[in-house]
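Undergrad:
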Amino acid sequence: MNTIQKKIWMLAGIVIVMMFAIWLALTFYNQKMQDQYNDILERYLQMNEVTASSQQTVTNLNDHLSNPTARSATTLVSSQQRLQDAQASLLELRNADNEFSLTNYSNMIESFTETVERSVTFSEQGENDIAASEFTEANRMSVYISEMTLSIFNSELRTYERFYRDIIRQSQELNTMGILLLSLTSVLLLLFTYLFSLSITKPVHQLTKAANELAKGRFDQPIRVNSNDEISFLAKTFDHMRVNINKLILEIQQKAQVESELQESQLLLQQSQMRHLQSQINPHFLFNTLNTLSKKAYLDGAEDTSDLLVSVAGLLRYNLKRLDHTVTLEEESHVLRQYMDIQKARFSDRLTFHIDLDASALVYQMPSLTLQPLIENAVIHGIEPKEDDGEIWFRIKDEDQHIRIEIEDNGEGMDRDKIEQLLKGGITPQEGHATGIGFANVAKRLQLFYGRDNVVEIESLPKCGTKIILKLPKVMEVESYV
Amino acid sequence: MRKKVIFVLCSLCAVLGFFTILSVNKVLNSEWELPSAVSSEQERKRIVLITQELDTPFWKLVGEGAASQAEREDVGFEIWGSYGKNQEDFLKQVEIALHSKVDGVIVQGNDTDEFQQLARIKAASYGIPIITVANDVPVEKSLRKTYVGSDHYAAGELLMEQLLDDMGDSGEIVLLGDGNLEYSERLRLNGMEESLKQYPEIRSIYIESGSSDEEAAAAAQSALNQHPNVDAFILLDIRQARVVMQEISSRTELEPFFLYSFDDGSDASELLTEGKLDAIIEQSPKEMGAKSVEMMMKWLRNEVVPLDSAGYVTDIRIVEGKDELP
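Note that the protein sequences, when read in sequence, are chains L and U. Counting from 75, one number per residue, gives the positions in the first sequence under the working numbering. Counting from -9, one number per residue, gives the positions in the second sequence under the working numbering.
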């Protein structure tokens, strides 16, 4: 993993290496140029040395001839030696262009030296006239040497002119190169610095954005940071935290949902218990009275009335006792028949009740008091508003996977909005119902009992009657469902 | 924004980088052409051609011939000399050449004591061979190895033949020549005089023309004054041809006179094409140059020892002026 520190070190390293390389190259180049300059100067100095030493030799020779002492002889020899050294170094200066003249030059020096030596020899032998003429000769040759030096200088200048101009142009180029190099380095550094700062600030920016998202409560977006330094570590940790928070929130939400469901069912339970209690007011008194009335009616010969009273008493008993128990379909449909007997007595010819049961389906269990409220609704909404010809169909069919129960009337019917409202429990039962249990209560209880939602369906159109369909799973032997 | 900045910086980098690379290339790849060094062990022979008339086309041709021959022989060769017959400078150059111990000196012969002194004593003491070219100096005076150039005596005779052709065998001719005649000019004069001896009808008068233009003009004047019946002028020194002709044409018609000269100056071919000169003796300067270098190399390589001290003669021919042509 690259750390930010490492990055900083790298940037500094690049800068230092760059500077060092440039410095090294320039120093090397400077040294090269300096050497070249030295070589050039050396050439001229060497040639000049020839002229100077030859002139000095002439002077020393003159001194020696006019006043020959050991000391003057030594100086003469030393100046001659100097001239010979200069001559030897001339060999190195030769090239294709000046070979001819330099050879001449060198030979001229040789001749000069010989003449000088001859002059000295003659002088030592006492032949001063010849020595003097040799001296004149030597002097003339020294002049020739100077002239030759100048002419060689000239030809050197001609030969090397382009070279010198190149050197001048070169140094100008060097200046341009320096400026270019400086600006290139600056721009490169700018670029590196920019990229470097970007590599630090960009992840920070991304992280800030992610933190803002979290602050706004959006825990579902993963945090991504394109980086490989400490920031990315931070981002990973941050992302881990986000995932954990997200999990916690989900857990809390689930808990809350469970709790609210619990509360709802408790409420429902309390409500039904309340009704249960309410309807238990003096139940024995009511039963006894109804029984007494039945017997009285029977004794008076009003057998229909007596039967009706028995039905009412049975219905009442069933209502009071069986709310929190399961019953078989058979029991439920028996109560239904009793209820319909009572209603027939009430409506006489206005109501026709059709019943159609599959005997095989009657053994299955279901919550008590589920069908009766539905039939009651059918009577209240389907039959009561009509003048006559009210009809109610009750069917139980044993289908493969479930039991299908249909309760159909030919009453007013309802539109789609009302169906929706009914299913959501938006309509509370009116006064005058036998049990006071509404449609929504029934639907809810069925859903809770079977643990599924699609138990109840309503098919209805305005003016065309209503059909309520229950699809009940086949359940046997359930003691209690609350 | 970020992309823009990076793009701008990158393109700046690219542009600057390009120019920097160009500049670095320029700095590093300098085309410094230094003359190639020479191996010091193998020394080439050095030959110098020295003349006192560097400015004339004749000597330029001699130089060309010698230089091309030197190149063929692969020897170091240089032409030294003075301009406009500068004696002093010329002698100095010869002396420098001798002191410089060149391997051979090819020189335009100069019939003076100083030159002979140098050639005899200095050259001998250094052991440097001397070959004269175009103008000779007698071997007994200069100890030259040989001479390469025209046979000037024959040239004089040839010119006289042409004169006789043109003029017939009677008449008066004036010979104009420098007071200080070169050896070669003397030979020409001798050649002419010898051949004229057979024709007693022809009277030749020799008039000294001096060395300057004024003196030459004066000489021409006096020739015309003293010898009004002159038929022909022969100019030993072609450098004086123009002055003399100007002088003549200022007095009378140029046409009736026969004018002859020897080609070793600048005006010769020009005057010939203008038709003012009737004929000149043309020499072979290129051949002289080449031959002299060749002989020098033969001597230095010990191929021909000794060289023929009588000299090696190059071609001469007569060239007639335009108006002579039918």
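Cβ atoms here follow ideal geometry from the backbone N, Cα and C, with glycine treated the same way. All values reported here derive from a predicted model rather than from experimental measurement.
1. Could you name the residues of the same chain whose beta carbon sits closer than 6 Å to that of Glu191(U), not counting the 5 residues immediately before and after it, in chain order?
2. Over the uninterrupted beta strand (DSSP E) stretch that includes Arg137(U), give me the two end residues.
3. Excluding the five sequence neighbours on either side, which residues of its own chain have a C-beta within less than 7 Å of the C-beta of Ala212(L), listed in chain order?
4. Quick check: Val303(U) and Asp141(U), are their CB atoms within less than 8 Å of each other?
5. My understanding is that Leu81(U) touches Leu108(U), with C-beta atoms under 8 Å, so please give their C-beta distance in whole angstroms.
6. By how many angstroms is the C-alpha of Ser434(L) removed from the C-alpha of Ile563(L)?
7. Just checking: is the beta-carbon of Ser240(U) within a distance shorter than 8 Å of some beta-carbon in chain L?
8. By Cβ distance below 7 Å, which residues in the same chain neighbour Ser28(L) in space, the five residues on each side in sequence not counted?
9. What are the start and end residues of each continuous beta strand (DSSP E) run of 3 or more residues lying completely inside the stretch 425 to 460 of chain L, in chain order?
10. Measuring alpha carbon to alpha carbon, tell me which of Val127(U), Gln273(U), Met(-9)(U) and Thr41(U) ends up nearest Thr102(U).
11. Just verifying my parser: in three-state terms, what is the DSSP assignment at Tyr173(U)?
12. Cβ closer than 9 Å: which chain L residues qualify as neighbours of Leu297(U)?
13. Using only alpha-carbon positions, find the residue among Leu403(L), Ala452(L) and Leu431(L) that is nearest to Gln417(L).
14. Applying the 10 Å Cβ sphere with the 16-neighbour rule, what's the burial state of Leu224(U)?
15. Spell out whether any CB of chain L is found under 8 Å from the CB atom of Lys35(U).
16. Ile319(L) to Phe293(L), Cα distance in whole Å?
17. According to DSSP, which residues form a beta bridge with Tyr103(L)?
18. How far does the alpha helix (DSSP H) with Asp203(L) in it reach, from first residue to last?
19. Should Tyr268(L) be flagged as near chain U, meaning a C-beta pair shorter than 8 Å?
20. Would you mind reading off the limits of the beta strand (DSSP E) that contains Arg469(L)?
21. Closer than 7 Å by C-beta to Asp93(U): which residues in its own chain qualify, once you throw out the five before and the five after it? Chain order, please.
22. With distance defined between alpha-carbon atoms, name the residue in Phe513(L), Val89(L) and Glu405(L) nearest to Leu264(L).
23. Would you give the residue range spanned by the beta strand (DSSP E) that Gly167(U) belongs to?
24. Short of 7 Å Cβ to Cβ, which residues in the stretch 59 to 90 of chain U face chain L?
25. Is there a Cβ from chain L that is less than 8 Å from the Cβ of Thr10(U)?
26. For Gly375(L), does the count of other Cβ atoms within 10 angstroms reach 16, so buried, or fall short, so exposed?
27. Could you tell me how far apart the beta carbons of Tyr268(L) and Ile(-4)(U) are, in whole angstroms, since I believe they sit closer than 8 Å?
28. Which runs of the beta strand (DSSP E), 3 residues or longer, sit entirely within the stretch 213 to 277 of chain U?
29. Do the stretch 437 to 447 of chain L and the stretch 405 to 419 of chain L meet, that is, are 3 or more Cβ pairs less than 8 Å apart?
30. Could you work out which residues of chain U lie near Val261(L), taking near to mean beta carbons separated by less than 7 Å?
31. What is the DSSP secondary structure of Lys541(L), counted as helix, strand or coil?
32. Is the CB of Met93(L) under 8 Å away from at least one CB in chain U?
33. Could you check where the beta strand (DSSP E) with Arg307(U) kicks off and where it finishes?
34. Nearest chain U C-beta to Asn178(L) closer than 8 Å, yes or no?
35. Which residues in chain U sit within 8 Å of Met107(L), going by Cβ to Cβ distance?
36. Find out if the Cβ-Cβ distance for the pair Ile163(U), Leu153(U) is shorter than 8 Å.
TA: Answer, in terms of the structure:
1. Counting from 1 along the second sequence, the entry for residue 191(U) is found at position 201. Answer for Glu191(U): Asp159 and Ser160, listed in chain order.
2. The residue labelled residue 137(U) in the question sits at position 147 within the second sequence. Correcting the residue type first, residue 137(U) is Tyr in the shown sequence and not Arg. First-last of the beta strand (DSSP E) with Tyr137(U): Thr136 to Ser140.
3. The residue labelled residue 212(L) in the question sits at position 138 within the first sequence. If we look at Ala212(L) and ignore the five residues flanking it on each side, its Cβ neighbours are Val132, Leu135, Phe186, Thr189, Val190 and Ser193.
4. The residue you call residue 303(U) lines up with position 313 of the second sequence. The residue you call residue 141(U) lines up with position 151 of the second sequence. Taking 8 Å as the Cβ cut-off, Val303(U) and Asp141(U) qualify as a contacting pair.
5. For this step, residue 81(U) is matched to residue 91 along the second sequence. For this step, residue 108(U) is matched to residue 118 along the second sequence. Correct: roughly 7 Å between the Cβ atoms.
6. What the structure shows of chain L is the stretch from 75 to 556, and residue 563(L) is not part of that stretch, so it cannot be assessed.
7. Numbered from 1 along the second sequence, position 250 holds the residue referred to as residue 240(U). No - not a single Cβ of chain L is within 8 Å of the one on Ser240(U).
8. Because chain L spans 75 through 556 in this model, residue 28(L) falls outside it and cannot be assessed.
9. 425 to 431 and 439 to 441
10. Sequence index remark: in the second sequence, residue 102(U) carries index 112 (1-based). Taking only the C-alpha atoms, the option nearest Thr102(U) is Val127(U).
11. Locating residue 173(U) in the second sequence gives position 183, where the first residue counts as 1. Tyr173(U): helix per DSSP, three-state reduction.
12. Along the second sequence, one-based indexing puts residue 297(U) at 307. Correct list: empty, because the minimum Cβ distance to chain L is about 24 Å.
13. By one-based count along the first sequence, residue 417(L) stands at place 343. Comparing Cα-Cα distances from Gln417(L) to each of Leu403(L), Ala452(L) and Leu431(L), the minimum goes to Ala452(L).
14. Numbered from its first residue, the second sequence carries residue 224(U) at position 234. The amino acid at residue 224(U) is misidentified as Leu; the sequence shows Ile. So Ile224(U) counts as buried.
15. Counting from one through the second sequence, the residue named residue 35(U) turns up at place 45. For Lys35(U), the answer is no, since every Cβ of chain L falls outside 8 Å of its Cβ.
16. The residue given as residue 319(L) occupies position 245 in the first sequence. The residue given as residue 293(L) occupies position 219 in the first sequence. The alpha-carbon atoms of Ile319(L) and Phe293(L) are separated by roughly 8 Å.
17. As a working note, residue 103(L) is residue 29 in the first sequence. Answer by DSSP bridge pairing: none, since Tyr103(L) is not bridged.
18. For the purposes of this step, residue 203(L) is taken as residue 129 along the first sequence, with counting starting at 1. Here the alpha helix (DSSP H) through Asp203(L) covers Asn202 to Ala289.
19. Stepping through the first sequence from its first residue, residue 268(L) is reached at position 194. So, interface residue.
20. As a position in the first sequence, residue 469(L) is number 395, starting the count at 1. Its beta strand (DSSP E) spans residues Gly464 to Asp472.
21. Position 103 of the second sequence, counting from 1, holds the residue named residue 93(U). These residues qualify, in order along the chain: Lys35, Arg36, Ile37 and Leu290.
22. As a first step, residue 264(L) must be located in the first sequence, where it is residue number 190. Among Phe513(L), Val89(L) and Glu405(L), the Cα nearest to that of Leu264(L) is on Val89(L).
23. Numbered from its first residue, the second sequence carries residue 167(U) at position 177. Where Gly167(U) is concerned, the enclosing beta strand (DSSP E) stretches over Gly161 to Gly167.
24. Gly66, Glu68, Ile86, His89 and Ser90
25. Mapped onto the second sequence, residue 10(U) falls at position 20. Closer than 8 Å: yes.
26. Reading the first sequence from its first residue, position 301 is the one you call residue 375(L). Exposed is the call here.
27. One-based indexing of the first sequence puts residue 268(L) at position 194. One-based indexing of the second sequence puts residue -4(U) at position 6. Yes, Tyr268(L) and Ile(-4)(U) are in contact; Cβ-Cβ is about 7 Å, under 8 Å.
28. 222 to 225, 248 to 252 and 269 to 272
29. yes
30. Stepping through the first sequence from its first residue, residue 261(L) is reached at position 187. Those within 7 Å of Val261(L) in chain U are Leu(-1), Leu2, Cys3 and Leu6.
31. Position 467 of the first sequence, counting from 1, holds the residue named residue 541(L). Strand.
32. Counting from one through the first sequence, the residue named residue 93(L) turns up at place 19. Chain U contact via Cβ: absent.
33. Residue 307(U) sits at position 317 when you count from the first residue of the second sequence. Arg307 to Glu310 is the extent of the beta strand (DSSP E) around Arg307(U).
34. Translated into the one-based positions of the first sequence, residue 178(L) becomes position 104. Chain U contact via Cβ: present.
35. For the purposes of this step, residue 107(L) is taken as the residue at position 33 of the first sequence. Correct list: empty, because the minimum Cβ distance to chain U is about 10 Å.
36. Here residue 163(U) corresponds to residue number 173 of the second sequence, with the count starting at 1. Here residue 153(U) corresponds to residue number 163 of the second sequence, with the count starting at 1. Against a cut-off of 8 Å, the Cβ pair of Leu153(U) and Ile163(U) comes out as a contact.
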